[in-house]
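Worksheet: one structure, shown below.
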Amino acid sequence: MGRRLTAGRRLLRLTCAIAVASVCAFPGLYSPAFASSRPAGALSAPTNPVHPPRSPLPLRSARDDQQGGGGGSYLADVAFISTTKGWVVGANGGVGALIMATTDGGNTWVRQDVPSTVGALNAVRFVSSTNGWAVGNDNAYVKGVIVSTTDGGASWTAKTASGTNGLYDVDFVDILSGWAVGSAAGSQPTDPSNGVILHTADSGTTWTAQTVPAGIEFVNSVSFADATHGLAVARGSSGPAILVTSTGGATWTAESPPSDVQGLNGVAFLRGTAQAWMTGSSSANAALIKSTDSGATWSSVTVPSSVEVLENVAMVDATHGWGVGEATSGGIIIATTNGSTWAEQSAPSDTGFLSAVAPVSTSTAWAVGSGKCGNGSILGTSNGGTTWNQELDQTPVINDVEGVAAPDANHVFVVGADSCG
Numbered sequence: 450m451g452r453r454l455t456a457g458r459r460l461l462r463l464t465c466a467i468a469v470a471s472v473c474a475f476p477g478l479y480s481p482a483f484a485s486s487r488p489a490g491a492l493s494a495p496t497n498p499v500h501p502p503r504s505p506l507p508l509r510s511a512r513d514d515q516q517g518g519g520g521g522s523y524l525a526d527v528a529f530i531s532t533t534k535g536w537v538v539g540a541n542g543g544v545g546a547l548i549m550a551t552t553d554g555g556n557t558w559v560r561q562d563v564p565s566t567v568g569a570l571n572a573v574r575f576v577s578s579t580n581g582w583a584v585g586n587d588n589a590y591v592k593g594v595i596v597s598t599t600d601g602g603a604s605w606t607a608k609t610a611s612g613t614n615g616l617y618d619v620d621f622v623d624i625l626s627g628w629a630v631g632s633a634a635g636s637q638p639t640d641p642s643n644g645v646i647l648h649t650a651d652s653g654t655t656w657t658a659q660t661v662p663a664g665i666e667f668v669n670s671v672s673f674a675d676a677t678h679g680l681a682v683a684r685g686s687s688g689p690a691i692l693v694t695s696t697g698g699a700t701w702t703a704e705s706p707p708s709d710v711q712g713l714n715g716v717a718f719l720r721g722t723a724q725a726w727m728t729g730s731s732s733a734n735a736a737l738i739k740s741t742d743s744g745a746t747w748s749s750v751t752v753p754s755s756v757e758v759l760e761n762v763a764m765v766d767a768t769h770g771w772g773v774g775e776a777t778s779g780g781i782i783i784a785t786t787n788g789s790t791w792a793e794q795s796a797p798s799d800t801g802f803l804s805a806v807a808p809v810s811t812s813t814a815w816a817v818g819s820g821k822c823g824n825g826s827i828l829g830t831s832n833g834g835t836t837w838n839q840e841l842d843q844t845p846v847i848n849d850v851e852g853v854a855a856p857d858a859n860h861v862f863v864v865g866a867d868s869c870g
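Numbering (the numbering used here), first residue to last: 450 to 870.
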């Protein structure tokens, strides 16, 4: 299921010469006009930040948008390596990929420079304060790309993933060993795509394709418990598939999910254990399945009926975790405190879709996605999800820009029409 953007348009005629700076001065990065006219700079977020660790899953809906040429603004993934240092990635209104970083626990977010050849990013992983990777699409949305940094994002280097037309997730178990997954075009224009799993043993300097079982059309998500045991979510010619390896990817086998599962989006291993979860959709509503034997067997877990689709699940431990996705009313969050029963938590009313969640403790987590206007959104909780707050101000998505002025490096005044009615 792709992201739903609010229909309708309204003209924002802002006379910025008078006292409307709170309306006209956009501290965010989500308007295409703003992104194309403003250099990297700091973003101020509300106080009382929360601190997530790495996020395990990609954004399927972002992938769908990208294959259609992009155009929306969203945050697809979040990764933290400490209570203070983290990154979010996504796309910036169809004008390029977006990476933002914080070094103060989310009080401020700074946009990092992304090579101009990168169109959108779906997933990000860091194994230290300096070494990280993100994957996505090139700016023509016809090839997969991998960007990497060895200096915490002060500089990012892009590499085209030969033979791929999109990469949707990446996972590293240490500074050397990692996997990226996605799809490749068929040999003929009318042929279905083929699933792709790439592996590196040298920090991403070189990537080697691993053999994917026959009939797999794309691989959407990947997660490893350790250097040998891994799982991937895929779609085959006959429906959703679970890919399993116990050899570091030297061999992958395909399994079928429980019969009521109609689609799979994400997978998360609890690192260093045999426990794993997968998210998706079922014949009735959302799907959440669990394995306690490294993916050999799976069982369905009941989720609230209001959830239409789950994109992401992340566990703090074997009993505490969150899942995010979409309901009819917009973005939705569910949580468990015993590992078996899940309850809905309230997201802000302007949340359109949630793609990834990253917990740091049983009380503190972040979630990212898009607002109902199609703009990027970061939510945070510090009380176990009793309340979730916007941790980064949302800004309008400007469709038709009639005028723009930048009095300094941190403020842009835009006149035009946004996407919310």
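C-beta: ideal position from N, C-alpha, C; glycine also.
Task: Classification of D912 by the beta-carbon crowding that lies within 10 angstroms, buried from 16 upward - done: Since the first residue shown for the chain is 450 and the last is 870, residue 912 is missing from the structure and cannot be characterised.
Task: Between the CA atoms of E793 and A736 - distance to the nearest angstrom - done: Whole-angstrom Cα-Cα distance: 14 Å.
Task: Coil, strand or helix - G545 by DSSP - done: coil
- [ ] Figure out for me which residue from T811, A546 and T579 has the closest Cα to the Cα of V594.
- [x] A546
- [ ] Helix, strand or coil for V584, going by three-state DSSP, please let me know.
- [x] It is a strand residue.
Open item on the list: Tell me the DSSP secondary structure of P476 in three-state form.
Closed with: In this prediction, P476 has a pLDDT of 30, which is less than 50 and means its spatial position is unreliable; nothing more can be read from the coordinates.
Task: Endpoints, beta strand (DSSP E) assigned at Q794 - done: A792 to Q794
Task: Meets three-Cβ-pair contact criterion under 8 Å: the segment 663-673 and the segment 590-607 - done: no
TODO: Could you pull out every residue in the same chain whose Cβ sits closer than 6 Å to the Cβ of D587, ignoring the five residues on either side in sequence?
DONE: T566, G568 and V594
Open item on the list: Pairs of beta-carbons, one from the segment 776-786 and one from the segment 795-806, closer than 8 Å: are there three or more?
Closed with: yes
- [ ] Using only the heavy atoms of the ligand ZN, determine whether one of them is closer than 7 Å to the beta carbon of A776.
- [x] Of the ligands one can find in the structure shown there are none, so the ligand ZN has no counterpart to examine.
Task: Nearest to N734 (by Cα), restricted to the options T746, N714, P753 and N761 - done: Out of T746, N714, P753 and N761, P753 has the C-alpha closest to the C-alpha of N734.
TODO: Can you have a look at V591 and say buried or exposed, based on whether 16 or more other CB atoms are within 10 angstroms of its CB?
DONE: exposed
TODO: Identify the continuous beta strand (DSSP E) that holds W726 and give its terminal residues.
DONE: A725 to S731
Task: Proximity below 8 Å, CB of G772 to CB of I783 - done: yes
TODO: Kindly indicate which residue of G585, T785, S748 and T702 has the alpha-carbon position closest to the one of G685.
DONE: T702
- [ ] Throw me the rounded Cβ distance for the A699 and N761 pair, which I believe falls under 8 Å.
- [x] Going by Cβ atoms, the distance from A699 to N761 rounds to 28 Å, so no, they are not a contact pair.
Task: Rounded C-alpha distance that separates S695 from C822 - done: Those two C-alpha atoms are separated by around 43 Å.
Task: Check whether L803 and W815 have beta carbons under 8 Å apart - done: At least 8 Å separates the beta-carbon of L803 from that of W815.
TODO: Taking the CB atoms as reference points, tell me whether N580 and I624 lie closer together than 8 Å.
DONE: yes
Open item on the list: Could you check whether V573 and V538 sit closer than 8 Å to each other, using their CB atoms as the reference points?
Closed with: yes
Open item on the list: Considering only the alpha carbon of each residue, which of T533, S578, A634 and V645 lies closest to V584?
Closed with: V645
Task: DSSP state of H648 mapped onto helix, strand, coil - done: strand
Task: Chain-order list of residues whose beta-carbon lies under 7 Å from that of V765 (same chain, five-residue window excluded) - done: P808, S810 and T811
Task: Element boundaries [beta strand (DSSP E), containing S826] - done: G825 to T830
Open item on the list: Comparing C-alpha positions only, which one of G542, P662, T677 and S740 sits nearest to A690?
Closed with: P662
- [ ] Check each candidate in V619, T533, G602 and S531 and name the one with the smallest Cα separation from Q561.
- [x] If we check each option's Cα against that of Q561, G602 comes out closest.
Open item on the list: For a test of the three-state rule: what should DSSP assign to Y590, helix, strand or coil?
Closed with: coil
Open item on the list: DSSP three-state label for A470, please.
Closed with: Low per-residue confidence applies at A470: pLDDT is 25, beneath 50, and the placement is therefore not dependable enough to give any value.
- [ ] Would you mind sorting G612 into buried or exposed? The rule is 16 or more other CB atoms within 10 Å of its CB.
- [x] exposed
Open item on the list: Taking 8 Å as the threshold (C-beta atoms), are S730 and V758 in contact?
Closed with: yes
Open item on the list: Given this structure, state the Cα-to-Cα distance separating D709 from M727, to the nearest angstrom.
Closed with: Taking C-alpha positions only, D709 is separated from M727 by approximately 13 Å.
Open item on the list: Measuring straight from C-alpha to C-alpha, what distance separates E704 and V693?
Closed with: Each residue's CA atom was taken as its position, placing E704 and V693 some 8 Å apart.
Open item on the list: So, with DSSP's three-state summary, where would you put T606?
Closed with: Residue state for T606 is assigned as strand, using DSSP reduced to three classes.
TODO: May I ask you to list the residues that DSSP assigns as paired with D618?
DONE: V630
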